[in-house]
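Below is one structure, written out as structure tokens; comments come after it.
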Amino acid sequence: MYKAYNLLRLNCLKSYSLRKYSSTRHKQMGTHSSNNIVWIDLEMTGLNVERDRIIEIACIITDSELNITAKGPNIILHEPDSVLESMNEWCKKHHLQTGLVGAVKESRITLEQAEKEILDFIKLYCPPKTCPMAGNSIYMDRLFISKYMPTMNDYLHYRVIDVSTIKELCKRWNNIAYSSAPPKRLVHRALDDILESIAELTYYKKKFFQTTTL
């Protein structure tokens, strides 16, 4: 599964050019369809939606079979030092290790700019209020998007596809498949986390969701 993940990541990075803190060009391969899935991952300064802030967001579109059809923006947002210094120890440690803290300090992209860029990308492939948002523990990302990116939140379908839920069901109903699931690399960067989530759901689709004739 590491090979599959690395191939996904390599193909994704090759398919569009990144500016220093925001990708603005992407290769349009997919179609405009209500069957598409909107994969989003956020990195935040913490998990308190009333206090913490979004500092990175990435987006990928897949079709209903989990094939990547469009690779969207990967954006690092600016936040002042006061916000970064208020992070808990876990966030400080991991966001420093990944280089995200330094990138946030140098970025000049605002929350409003990030929302517009991501939403403009989603509109290319998804009709309004039809495509679900997907990811691991995606409810938390949805809480932050609902509060800080309300226009984009309203454009997406109200349902979500939470890979973590499927993992928990597999753990209880098919422990053999659960035990053989691809290991998580725990990079804690938005694009990497999306690609891992797609690879993970692809695995569960093959091992846990068997198509049979009723």
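Take the sequence shown: its letters are residues 0 to 213, numbered as in numbering that gives the first Met the number 0. Backbone N, C-alpha and C define an ideal beta-carbon position, used for all residues, glycine too. The structure presented is a predicted model; accordingly, all values stated were derived computationally and were not measured.
Secondary structure of V159 (DSSP, three-state): strand. Here Y154 is not near A69, since their CB atoms are 8 Å or more apart. By the criterion of at least three beta-carbon pairs nearer than 8 Å, the segment 43-63 is in contact with the segment 76-89. Note: E55 is bridge-paired with E42, I75 in the DSSP secondary-structure output.
About 4 Å separates the beta carbons of S63 and N34, which is inside the 8 Å limit, making them a contact pair. Taking the Cα of N152 as reference, the smallest distance to any Cα among H31, K91, K122 is reached at K122. I197 is a Cβ neighbour of T61, given a cutoff of 8 Å.
G101 sits exposed, since fewer than 16 C-beta atoms from the chains shown fall within 10 Å of its C-beta.
Restricting attention to M132, K206, Y147, L142, the CA atom closest to the CA of V37 is found in M132. Taking the Cα positions, Y202 is about 27 Å away from F120.
S163 and G134 have their C-alpha atoms roughly 8 Å apart. Setting aside the 5 residues that flank it on each side, R158 is surrounded in the same chain by P131, each with a C-beta closer than 7 Å to its C-beta; the list follows chain order. Comparing alpha-carbon positions, the option among F207, I108, P72 lying closest to N173 turns out to be F207. A Cβ-Cβ contact shorter than 8 Å links K146 with V48. When DSSP states are grouped into helix, strand and coil, A133 belongs to the strand group. Assigned with DSSP and collapsed to three states, T150 falls in helix. Minimum Cα-Cα distance from S32 among the listed residues E199, T129, F143 corresponds to T129. The three-state reading of DSSP puts V37 in strand, counting E and B together.
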